[in-house]
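Quick note: the sequence shown uses the numbering used here, first residue 2, plus one each step.
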Amino acid sequence: MAYNVADLLEKFIAMKKAAYNLYMGVVSNGRVDEKSKTAARVLAREENRYMKLYEDMKNNIINSGKNHDISIDIYDKSAKLFMEFSKRHGSFNINSVKELLQYARDYEKDSLAITLSVQGLLVGEYNYIETEGYKMLSEIIKEQEKHIKNIETFIR
């Protein structure tokens, strides 16, 4: 079975969906204060926005005919990174808005690290810099960096 850029985007979408579900879990937790629930709603809304953005990217790449194949080795290494990430960020407990925001910042920093790693894997194997996949990952990196800065603004 051949893997392609859209398959990698599916992994990023799943990562954002997991974050959305974590934040919505905070919202539905009866033991969490209202300020934390409000912050969790905002974070969940952002994750939902990113899911839609990545879904649009995936559809654009598929429809443009630029959904090039990637080697099974690259896909497997990438999938392993995503699996390790999901193990680290499967659940969490918060006691304050600050803890929630710190968790969100750390989650996004880890997410950014995975994106950079995947991009590095692709560049290492292919002359990948001019491809749509590279451009897409670069856009994801910019969005993640902005998201981290926004969260850090609220932590201060």
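Glycine is no exception: its CB is placed at the ideal position from the N, C-alpha and C atoms.
Let me know if residue i comes out buried or exposed under the rule of 16 or more other beta-carbons within 10 Å of its beta-carbon.
| i | result |
| --- | --- |
| G134 | buried |
| T154 | exposed |
| S97 | exposed |
| K81 | exposed |
| I71 | buried |
| I73 | exposed |
| S65 | exposed |
Taking the DSSP output, what are the residues bridged to residue i?
| i | result |
| --- | --- |
| Y4 | I71 |
Can you give the beta carbon distance from residue i to residue j, rounded, assuming they're within the 8 Å contact cut?
| i | j | result |
| --- | --- | --- |
| I149 | L101 | About 15 Å separates the two Cβ atoms, so there is no contact after all. |
| K59 | A7 | 5 Å |
| I156 | E109 | About 12 Å separates the two Cβ atoms, so there is no contact after all. |
| I115 | F83 | 7 Å |
| V33 | A45 | 13 Å between Cβ atoms; not a contact. |
How is the alpha helix (DSSP H) around residue i delimited, first residue to last?
| i | result |
| --- | --- |
| N30 | Looking at the DSSP string, N30 is not in any alpha helix (DSSP H), and its letter there is neither H nor E. |
| T154 | 133-156 |
Is it the case that the Cβ atoms of residue i and residue j are separated by a distance below 8 Å?
| i | j | result |
| --- | --- | --- |
| N49 | Y21 | yes |
| F86 | M25 | no |
| L123 | I63 | no |
| I158 | E47 | Examination of residue 158 is not possible in this model, given that the chain is present from 2 through 157 alone. |
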